[in-house]
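Q: Residue numbers (the UniProt record's numbering): 1 to 84.
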């Protein structure tokens, strides 16, 4: 493998998870800013289940969408904001 080569892969997301991811927007059939945010999301740990891949900011921590719902976090669907 050469560093100058480019590779493409299909990446699948849960619908609710990607809708709540900050700074990622749907434009036509593409998600904008995803390429610059995906590595950041994968490094963030959920403060509730402690697994990687949490994208939703809650204060200075992060949660997964299903973890926030399960633990009764307030999910403002009009603003796509989440509070404990």
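Idealized CB from N, CA, C, for every residue including glycine.
Could you tell me whether the Cβ atoms of residue 68 and residue 82 are closer together than 7 Å?
A: In the chain shown, the residue the question calls residue 68 occupies position 68. In the chain shown, the residue the question calls residue 82 occupies position 82. Cβ atoms of residue 68 and residue 82: closer than 7 Å.
Q: So for residue 47, helix, strand or coil by DSSP?
A: One-based indexing of the chain shown puts residue 47 at position 47. Residue 47 falls in the coil class under three-state DSSP.
Q: What first and last residue would you give for the beta strand (DSSP E) that runs through residue 31?
A: For the purposes of this step, residue 31 is identified with residue 31 of the chain shown, where counting begins at 1. Residue 31 -> beta strand (DSSP E) spans 30–32.
Q: Distance check for residue 33 and residue 40, CA to CA, integer angstroms please.
A: Taking the chain shown and counting its residues from 1, one reaches residue 40 at position 40. Taking the chain shown and counting its residues from 1, one reaches residue 33 at position 33. The alpha-carbon atoms of residue 40 and residue 33 are separated by roughly 12 Å.
Q: Mind checking who residue 82 pairs with in its DSSP beta bridge?
A: Counting from one through the chain shown, the residue named residue 82 turns up at place 82. 75.
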